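Chemist: Numbering of the sequence shown is given in the numbering used here, commencing with residue 220 and proceeding in unit increments.
Ideal Cβ positions, reconstructed from N, Cα and C, are used throughout, including at glycine.
All values reported here derive from a predicted model rather than from experimental measurement.
Let me give you the structure first, and then I'll get to my questions.
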Amino acid sequence: MLHPEMCYPIMSVRIELFAGETRSGTVDADVIDASRGVIGGILKPTAAYYAEYQDFFQAPSKKLDWNKLEALRLNAISTLTGQLTAEGVDITDMMDQFSVETVDVNIVGITHQQMAKLFPDS
């Protein structure tokens with residue numbers, strides 16, 4: 220993939236997203252903010268995501284059930300670094316005006332050591 224305004228390739232890294240032991244999907248993650256250890260992309264959900272977690276992430280965020288969110292034990296794994304040491308995983312599941320579903324995932328607060336292994340040029 221090429222950056223739309225520049226002529227150099229953007230390196231993305233395949234990340235597996237889990238809720239506990241359940242694989243929820245994959246993300247081809249790009250650097251969002253290297254200084255803060257934020258990477259993200261669009262989730263390619265598994266059937267388990269649709270069956271077990273989609274309703275939770277589509278619910279209105281005004282009254283988020285923090286206990287249920289913590290119980291999900293969201294984590295991300297890369298083949299380059301293993302389990303990512305991160306401060307959190309942000310998932311936004313929404314439909315656009317054309318009824319196209321997009322599940323955005325941001326993994327935040329990744330350690331500088333892991334960022335350097337995942338994205339050496341960032």
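(1) Under 7 Å between the Cβ atoms of Val-232 and Val-327?
(2) Could you have a look at Ala-305 and say whether DSSP puts it in helix, strand or coil?
(3) Going by DSSP in three states, Thr-231 sits in which element: helix, strand or coil?
(4) When the cut-off is 7 Å and only beta carbons count, does Ala-238 lie next to chain C?
(5) Considering only C-alpha positions, which residue in the set Ala-305, Pro-264, Gln-332 and Leu-337 is nearest to Thr-241?
(6) Pick helix, strand or coil for Glu-271, following the three-state DSSP scheme.
(7) Assuming contact is defined by CB atoms lying nearer than 7 Å, are Glu-235 and Ile-296 in contact in what I supplied?
Modeler: Working from what's here:
(1) Residue 232 sits at position 13 when you count from the first residue of the sequence shown. Residue 327 sits at position 108 when you count from the first residue of the sequence shown. No, they are not a contact pair.
(2) Residue numbering aside, residue 305 sits at position 86 when the sequence shown is read from its first letter. It is coil, neither helix nor strand.
(3) Counting from one through the sequence shown, the residue named residue 231 turns up at place 12. Here the sequence assigns Ser to residue 231, which means Thr is not the residue at that position. Residue state, collapsed to three classes: coil.
(4) This model lacks chain C altogether, as it is built from one protein chain only.
(5) Within the sequence shown, residue 241 is the residue found at index 22, counting from 1. Ranking Ala-305, Pro-264, Gln-332 and Leu-337 by Cα distance to Thr-241 puts Pro-264 first.
(6) On the sequence shown, residue 271 is found 52 positions in, with the first residue counted as 1. Note: Glu-271 maps to helix in three-state DSSP.
(7) Indexing the sequence shown from 1 puts residue 235 at position 16. Indexing the sequence shown from 1 puts residue 296 at position 77. Result yes, Cβ atoms of Glu-235 and Ile-296 sit closer than 7 Å.
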